[in-house]
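Under my numbering, think of the first position of the sequence shown as 16, with each following residue one higher.
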Amino acid sequence: MTALALKGPYWVTCRQHRWALWTALALAGTAVAVLITSRLWSDSATEALRATGCTYGSLERSCFQPARDYADSQWLARHLVEYAALGMLVLPVLLGAFVAGPVLARELETGTYRLAWTQSVSPARWLAAKIAVPAALVLTVVPLLSLVFYWSWSTGPSHTFPTHWHEPTMFVSFGIVPTAHALLGLGLGTAVGVLVRRTVIAMGVTVLFTGAAVALLSRLRDGLWPLRTLTGSGLSLDGEVWRLDSGMLTSSGERLLWEDCQVARPENVRQCMTDRGGVVEFADIHPASHYWPLQLVETGILLALAALAAYVAFRVLRARHP
Numbered sequence: 016m017t018a019l020a021l022k023g024p025y026w027v028t029c030r031q032h033r034w035a036l037w038t039a040l041a042l043a044g045t046a047v048a049v050l051i052t053s054r055l056w057s058d059s060a061t062e063a064l065r066a067t068g069c070t071y072g073s074l075e076r077s078c079f080q081p082a083r084d085y086a087d088s089q090w091l092a093r094h095l096v097e098y099a100a101l102g103m104l105v106l107p108v109l110l111g112a113f114v115a116g117p118v119l120a121r122e123l124e125t126g127t128y129r130l131a132w133t134q135s136v137s138p139a140r141w142l143a144a145k146i147a148v149p150a151a152l153v154l155t156v157v158p159l160l161s162l163v164f165y166w167s168w169s170t171g172p173s174h175t176f177p178t179h180w181h182e183p184t185m186f187v188s189f190g191i192v193p194t195a196h197a198l199l200g201l202g203l204g205t206a207v208g209v210l211v212r213r214t215v216i217a218m219g220v221t222v223l224f225t226g227a228a229v230a231l232l233s234r235l236r237d238g239l240w241p242l243r244t245l246t247g248s249g250l251s252l253d254g255e256v257w258r259l260d261s262g263m264l265t266s267s268g269e270r271l272l273w274e275d276c277q278v279a280r281p282e283n284v285r286q287c288m289t290d291r292g293g294v295v296e297f298a299d300i301h302p303a304s305h306y307w308p309l310q311l312v313e314t315g316i317l318l319a320l321a322a323l324a325a326y327v328a329f330r331v332l333r334a335r336h337p
């Protein structure tokens, strides 16, 4: 980090937290290696099965062991992708806690910020330098991780044992949402660090708020773009379709949900729906074409919240240290 052409408070921030920055880069490199390994492992297993002349669903006795070896390899590759997705999910929480605690609250708690402020560095410039360094790391590393994740997910083990774009861990692991989530964690960490000014408490509060924000957006995600409603007989939807509600419509348009009859009469769900007046099936869905609209809307919300949190931090700092 010291090799970079940084000056003033930016250089000081890199110097103070160089081990944390190097650790973050090492973890990112490890994640990239895991994702590449997952993809290559999946490809190797596919080629090994193809070389035997068998298929995964083959019923020939000679194909049982090759098919089993293939399935084991694909499951392992899929687990690697899932672990990487979990890492992407908790990234904004960890980033926010780091910024709130070690980067900001610790200096405000111990008073070491005064040294910088006596060297012609204004409070606003000091805070800008503190958050600019992790922000640059986010804008550089997270998009790269998202691209590698998508490459590994879209062409790797997901074809045999699928994970779908609309699953909570998958949706926040590729596209533009991961970067926006990380910036939200950065913004919340900045606001909490300046407001609380106690290292451990600031970290705990940031974890709570950032985790709650991530969970809330995951809960509300399906409503960020208008649903498409399908009607017909024998609706068959593949895994690329995000199904929200489904059931049957009565002649008056009333909705009957499948789960109601699955509880009341699990032995004959369709007959139960028909007895209640159901005449045609319906399904509320987000097709795969809604992926980017959902990503863009959620990203806009996240960036607005991150900007608001950063604004609050600068206003509070100015009010306390005019």
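Backbone N, C-alpha and C define an ideal beta-carbon position, used for all residues, glycine too.
- Ala298 is the residue among Leu162, Trp37, Ala298 and Asp275 whose C-alpha sits nearest the C-alpha of Leu250.
- Within the model, the alpha-carbon separation for Leu160 versus Thr184 is close to 14 angstroms.
- Around the beta carbon of Ser88, a 10 Å sphere encloses 16 or more other beta carbons of the protein chains shown; the residue is thus reported as buried.
- In this structure, Leu203 sits near Phe224, with a CB-CB distance shorter than 8 angstroms.
- The criterion of a C-beta distance shorter than 8 angstroms is not satisfied by Ala334 and Thr214.
- With respect to the C-alpha of Ser167, the residue from Ala82, Asp275, His94 and Val148 having the closest C-alpha is His94.
- Using a C-beta cut-off of 8 angstroms, the region 97-112 makes contact with the region 226-234, since at least three inter-stretch Cβ pairs fall below that distance.
- Distance from the Cα of Val27 is smallest, within the candidate group Ala112, Val47 and Ala147, for Ala147.
- When secondary structure is reduced to three states using DSSP, Arg270 falls in the strand class.
- In this chain, Glu124 is not harboured by any beta strand (DSSP E); it is covered by the alpha helix (DSSP H) spanning Arg121 to Thr125.
- For Val49, the uninterrupted alpha helix (DSSP H) segment begins and ends at Arg33 to Ala66.
- Put simply, of Leu242, Arg285 and Ser261 the residue whose alpha carbon is nearest the alpha carbon of Cys276 is Arg285.
- The beta carbons of Met103 and Pro193 sit closer together than 8 angstroms.
- Exclusion of the five residues before and after Phe329 leaves Ala139 and Leu142 as the residues of its chain whose Cβ lies within less than 7 angstroms of its Cβ.
- DSSP places Leu332 within a helical segment (H, G or I) once states are collapsed to three.
- Excluding residues up to 5 positions away in sequence, Gly254 lie with their Cβ nearer than 7 angstroms to the Cβ of Pro177 in the same chain.
- 8 angstroms or more divides the Cβ of Ala92 from the Cβ of Leu64.
- DSSP, reduced to helix, strand and coil, places Asp253 outside both helices and strands of the structure shown, so it counts as coil.
- Here the C-alpha atom of Arg280 lies approximately 34 angstroms from the C-alpha atom of Ala230.
- When only Cα atoms are considered, Gly68 and Asp237 end up about 43 angstroms apart.
- About 16 angstroms separates the CB atoms of Thr205 and Ala35; that is not less than 8 angstroms, and the two are not in contact.
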